[in-house]
Structures are given as structure tokens and as C-alpha cells.
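Step one of this worksheet: look at the structure below.
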Amino acid sequence: MSSKWENIQKRSFLESNARTRAIGLVDPDTFTELAGPRHRISSPHLPLLGEAVEFDDGIVTGVGFVGKKPVFVASQEGRFVGGAVGEVHGAKLVNIVRMARKAYDEMLTANPDLPEEKRPAMVISFETGGVRLHEANAGLLAHAEVMDQFQDCKGKVPIVALIGGRVGCFGGMGFVAAATDAIIMSQFGRLGLTGPEVIEEEMGKDEFDASDRALVYRTTGGRHKYIMGDCNVLVADSIAAFRIALHEILLKPYCEIAAMSCIGSLEKIQSQLKLVDLCVETAPKDARDVWKSAGNENPDDLTDMPLDEFLKTVKRLTDRC
Amino acid sequence: MSRNLHEINFEFKTENPTDFSGEFVHFGVVGSGDMEVILEHKDLGGAVRAKIVTPVTGYDEVWRRVLERFVIDTGVANASIEINDNNATPVVVSLRLRQALSEID
Numbered sequence: 001m002s003s004k005w006e007n008i009q010k011r012s013f014l015e016s017n018a019r020t021r022a023i024g025l026v027d028p029d030t031f032t033e034l035a036g037p038r039h040r041i042s043s044p045h046l047p048l049l050g051e052a053v054e055f056d057d058g059i060v061t062g063v064g065f066v067g068k069k070p071v072f073v074a075s076q077e078g079r080f081v082g083g084a085v086g087e088v089h090g091a092k093l094v095n096i097v098r099m100a101r102k103a104y105d106e107m108l109t110a111n112p113d114l115p116e117e118k119r120p121a122m123v124i125s126f127e128t129g130g131v132r133l134h135e136a137n138a139g140l141l142a143h144a145e146v147m148d149q150f151q152d153c154k155g156k157v158p159i160v161a162l163i164g165g166r167v168g169c170f171g172g173m174g175f176v177a178a179a180t181d182a183i184i185m186s187q188f189g190r191l192g193l194t195g196p197e198v199i200e201e202e203m204g205k206d207e208f209d210a211s212d213r214a215l216v217y218r219t220t221g222g223r224h225k226y227i228m229g230d231c232n233v234l235v236a237d238s239i240a241a242f243r244i245a246l247h248e249i250l251l252k253p254y255c256e257i258a259a260m261s262c263i264g265s266l267e268k269i270q271s272q273l274k275l276v277d278l279c280v281e282t283a284p285k286d287a288r289d290v291w292k293s294a295g296n297e298n299p300d301d302l303t304d305m306p307l308d309e310f311l312k313t314v315k316r317l318t319d320r321c
Numbered sequence: 322m323s324r325n326l327h328e329i330n331f332e333f334k335t336e337n338p339t340d341f342s343g344e345f346v347h348f349g350v351v352g353s354g355d356m357e358v359i360l361e362h363k364d365l366g367g368a369v370r371a372k373i374v375t376p377v378t379g380y381d382e383v384w385r386r387v388l389e390r391f392v393i394d395t396g397v398a399n400a401s402i403e404i405n406d407n408n409a410t411p412v413v414v415s416l417r418l419r420q421a422l423s424e425i426d
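Sequence order for the protein chains is A and B.
The first sequence begins at 1 in our numbering and counts up by one.
The second sequence begins at 322 in our numbering and counts up by one.
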């Protein structure tokens, strides 16, 4: 076992870069990067605007193994243009998902009795604000295309989302993450559609104060998303914790993973409509009001208690509806 | 004013070259105030070729000095250095180059 991989495991997921995460999420020395820095496929649009480019256009794509299972990995780099999706970045994301599905098709054609433990899976580490405004048309198109690929994966390749980077997962990519089968977050991960700064910009500081970090985290952060049922698993902030949670999900049969998704059936919509009713009934003014509705007597305590204690005591809305 | 990215090219020769031992190394992230570098073995008759792509203009001489210092100090030879920069300071540039080199071992 390589010592480099061992070192990676202890690292904070939040602080790590996209490549470190990708390497650390699969088994030691099994990650092969595709269309990486070596190929130097950077954005054709950014230079015209005088903006810095990156050899991998802010996303690491490749394939590795978890046990006998080929796992296709996409990992976004939040430090490069906020992880935003441009033309090359988007094409890499779309094509790694397509490649996972094609691998599935070819493997199953060659061997229809292929056991589940050897069937491919897709994992995406999201760290993005959505569309890259410098190349917005291509970025938007990529959002649609990746959703298309997700549809083609239905019934075949399970897709797991990881959210634990500094940028969080916002904008159109918030929708994309919600369309995956399962979401793993850390308490530092944030998931939403319109980002806090944009809400403040549009609606004013009275509506949402983006400089209030406590407010931002209790509205978009991992703990809140876990209570809401928007994320399936909440883990500690280390690459090992994310990897272990990911592997536990990948051990399940496809149908069980697909059942974790927050979309995809009438029953799910009906139970979500109950949440809407609850919202109308209680008219919450703050995330803590919702936590209380979920059955947490002292919602204020939930924000600061250690993670393991939080996981033991917390009541989730999904338990209620 | 042209908004295009600025490209700078240099070639260095060192007095006591030690051949660049890695085949290919990539290090760093093009975050704000940061950069990435690719070090690659190239048969250049002992020389080192550097290409920098950066939005910053007017600092070509500083780049030359920082890179020359790196080449002299490390004695690296027969290598190409490719940098994508996003406003990294000279100290950060120096650090990232040395970190990249240490990735080989």
C-alpha cells in the first residue's frame, strides 16, 4: 500500500485539492487520470478575456477501483474560478459519466451475469458555483448534458455525490447534485441553488445576510441538509471518512442506492409535499424552526455539538414524513 | 489595452547541471494568488525552457529572476517548465517550483 495514499486519507476533505480527493477516494494506486494536466486541455475562452487558465480546466476526471468495482470519478476544483463549469470542464464531466455508462453497457453485453460487485459506479465530488459566466452558454449546455447522462445511467450505473469543499455546491450544479442517487456531505459542505451572496445581492441584507456565517451554514450546510433529508450521509471532514461512506454505499445493490435518491417516484413527491404542508403550517422564520418541527427540542444545541453526538441525537424531517 | 493572456518564454543554462530525474510532474492549483506548474523531461542539451501564461503584465524581469534562481539553485537541466499563473507572488512561485521538484522523490 502506498504511503502517499495513506497520508491522503488523514487529510481534511475541505482543505484538499480536487486531485488529492480523487486519488484518495478509490483504492490505493488504482486511480488513472483521464484528460489530465498532461493533455493540457484548458479553456479556449478564458485567454480572450485575459483570465488565467488551468491545464485541467478545474476538474479531475478518471477511473479507479473500489474492490472489484470500477469507479469513475469526477472531482471539481473550487479554487479555480470557483469550480465553475465552462466548456472543457463541462465536457470532461459529461464524458466521464458517459464513459461509466458505456463501460456498464459493454461489460454487461460481454457478460450478462456480471455480479453487482464488479459493475461500474460513478462518483462526483462537487465544488462549484455552477455555470462559469465567462463561457456561460457552453457551461449551461453542459449542465443539461450531464443531466441527460444521468438519465441514461438510470437502472445501470449508481451515481454518488460528495460535497465537502469550501465553495460548496451551488447554482445549476445544485440541481445536478440533487439528481444523483445518493449525497454524502460533511458539516462544512454546503448545498443550495442560489448562493448566499447572490440572494443578498438580489433581495437585500434583510432577506439574507451572506456575511453571517452561522446563518449561511444553518441554511445551506451539511447538518441542515442532513436534517432536511437533502443529504443521505453526514460524515467527518476527512478523505477517509468520505471514502468509507462512499464504499458503504457502493456495496449496496443498485436498486437500494437508487432508492436513496430524493427524486424519482410518486411516493417521494407525496412525502415531499407533506414537507411543503408543514412549511405552510408552521411558517418557519429560520432553519432552527424547521429543526424544531422535525422533533429537535433544543435546536440551538445542534449547531455546536460534536458530530458523533449530533448524529446520535438529531431527529430528521425524513423520520417524520 | 489588450486583455489577452500574457505569455513569457525563457531559456536558461546552468553551470553544473543535474539531469531532471522525473519524466513528468504536475503540481499546484491555479487559485487566486497561486499557480500550477508542469515539469517535464526534455532533451535540450542541458538547457531549461520555461513558458509562463499569466494575466499579469510588466513583470517579465521578475519572472526571469525567480526562474533563473530556481534553475541555478537546483541545477535542474534538460527540462521544460510550464506555468499557468493567476497573480502568484515571487515567493509563491519559488515555493511551488520547489514543491513540484520534491514530488519526484
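A virtual CB, placed ideally from N, CA and C, is assigned to each residue, including glycine.
Source: prediction; values computed, not measured.
Can you pull the chain B residues whose beta carbon is under 8 Å from the beta carbon of L48(A), in chain order? From the beta-carbon of L48(A), the residues of chain B found nearer than 8 Å are R324 and N325.
Tell whether a beta-carbon distance below 8 Å holds between V392(B) and T335(B). Taking 8 Å as the Cβ cut-off, V392(B) and T335(B) qualify as a contacting pair.
Quick check: the Cα distance between M322(B) and I404(B), rounded to an integer number of angstroms? Because the pLDDT of M322(B) is 45, which lies under 50, any placement of that residue in the model is unreliable, and the question is left without a value.
Figure out for me which residue from Q270(A), F150(A) and R21(A) has the closest Cα to the Cα of F126(A). Taking only the C-alpha atoms, the option nearest F126(A) is R21(A).
Residues of chain B with CB under 9 Å from F55(A), in chain order? Chain order gives the chain B residues near F55(A) as H347, V351, E357, I359, E403 and N405, where near means a beta carbon separation below 9 Å.
Could you spell out where the beta strand (DSSP E) holding I124(A) opens and where it closes? For I124(A), the uninterrupted beta strand (DSSP E) run begins and ends at A121 to F126, by DSSP.
How would you label T378(B), buried or exposed, when you count the other beta carbons within 10 angstroms and need 16 or more for buried? Classification for T378(B): exposed.
CA-to-CA distance, I227(A) to Q187(A), given in whole angstroms: Their Cα atoms are separated by approximately 11 Å.
For the candidate residues E33(A), Y104(A), R119(A) and G229(A), whose alpha-carbon lies nearest to that of K252(A)? In terms of CA proximity to K252(A), R119(A) leads the group E33(A), Y104(A), R119(A) and G229(A).
8 Å contact criterion, which V160(A) and V123(A) should meet: CB distance rounded: So it is a contact: roughly 5 Å between Cβ atoms.
Chain-ordered neighbours of E77(A) on chain B, where CB pairs are closer than 9 Å: Going along chain B in sequence order, the residues near E77(A) (Cβ under 9 Å) are V350, V351 and G352.
Mind pulling the chain A residues with CB within less than 8 Å of P376(B)? Identification of chain A residues near P376(B) by a Cβ-Cβ cut-off of 8 Å yields G50, E51 and A52, ordered along the chain.
So, at 7 Å on beta carbons, what are the nonlocal neighbours of G164(A) in its own chain, with the 5 sequence-adjacent residues on each side left out? Closer than 7 Å at Cβ, skipping near neighbours: F13, L14, M185, S186, F188, G189, D237 and F242.
Below 8 Å, how does it come out for the region 364-382 of chain B and the region 327-334 of chain B: are there three or more Cβ pairs, yes or no? Yes, they touch.
Run the proximity test for V374(B): is its beta-carbon closer than 7 Å to any non-hydrogen atom belonging to the ligand FMN? Here there are no bound small molecules, and the ligand FMN is not part of this structure.
Reduced DSSP category for G50(A) - H, G, I as helix; E, B as strand; rest coil: Note: G50(A) maps to coil in three-state DSSP.
Give the DSSP-derived three-state secondary structure of M322(B) in the structure shown. Here M322(B) scores only 45 on pLDDT, less than 50, and its place in the model is too uncertain to base an answer on.
Go through its chain and collect everything with a Cβ distance to L307(A)'s Cβ below 7 Å, but skip five positions before and after it. Cβ neighbours of L307(A) beyond the five flanking positions: Q187 and A236.
In angstroms, rounded to a whole number, what distance separates the CA positions of F341(B) and R40(A)? Each residue's alpha carbon lies about 21 Å from the other.
Residue range of the alpha helix (DSSP H) that includes I8(A): Here the alpha helix (DSSP H) through I8(A) covers S3 to K10.
Report, in whole angstroms, the separation of the C-beta atoms of G221(A) and L234(A), which I expect to be a contact under 8 Å. Wrong, their Cβ atoms sit about 10 Å apart, outside the cutoff.
Between V167(A) and the rest of its own chain, which residues show a CB-CB distance below 7 Å, the 5 nearest in sequence each way excluded? For V167(A), where only same-chain residues beyond five positions count, the Cβ hits under 7 Å are G78, G82, G83, E127, T128 and G129.
Which stretch, first to last residue, makes up the beta strand (DSSP E) that contains I159(A)? Membership of I159(A) in the beta strand (DSSP E) is indicated by the continuous run I159 to I163.
Please return the same chain residues whose Cβ sits closer than 7 Å to the Cβ of I8(A), not counting the five positions on each side in sequence. Take I8(A), set aside five residues on each side of it, and the residues of its chain with a beta-carbon closer than 7 Å to its own are T20, I23, G24 and I239, in chain order.
Hey, does N7(A) have any beta-carbon neighbour from chain B nearer than 8 Å? Put simply, the CB of N7(A) is far from chain B, with every gap to its CB atoms at 8 Å or more.
For N232(A), decide whether its Cβ has a neighbour in chain B, counting only Cβ atoms nearer than 8 Å. Answer no: the Cβ-Cβ gap between N232(A) and chain B never drops below 8 Å.
Cutoff 8 Å; reference K10(A); Cβ partners in own chain excluding five residues on either side: So the qualifying residues of the chain are S238, I239 and A240.
From what residue to what residue does the beta strand (DSSP E) around D355(B) run? Counting along the chain, the unbroken beta strand (DSSP E) around D355(B) starts and ends at D355 to H362.
Per DSSP, cross-strand counterpart(s) of S186(A): Looking at the DSSP assignment, S186(A) forms a beta bridge with V235(A).
With respect to the alpha helix (DSSP H) encompassing D300(A), which residues constitute its N-terminal and C-terminal limits? Element bounds for D300(A): P299 to L302.
How far does the alpha helix (DSSP H) with L108(A) in it extend, from its first residue to its last? For L108(A), the enclosing alpha helix (DSSP H) has its first and last residue at E87 to A110.
Please list, in chain order, the chain B residues whose beta carbon lies closer than 8 Å to that of P37(A). Annotation: Cβ neighbours of P37(A) in chain B (cutoff 8 Å, chain order): H347, E357 and I359.
With 16 as the cutoff for other CB atoms within 10 Å, does D29(A) come out buried or exposed? D29(A) is exposed by the Cβ-count criterion.
Whose C-beta lies closer than 6 Å to the C-beta of S401(B) among residues of the same chain, with five residues either side of it excluded? In the same chain as S401(B), and ignoring 5 residues on each side of it, the C-beta atoms closer than 6 Å to its own belong to E361, K363 and R370, in chain order.
According to DSSP, residues forming a beta bridge with A136(A): Paired residues: none, contrary to the question.
At 7 Å on the CB atoms, spell out the chain B contacts of F80(A), in chain order. Simply V350, V351 and G352.
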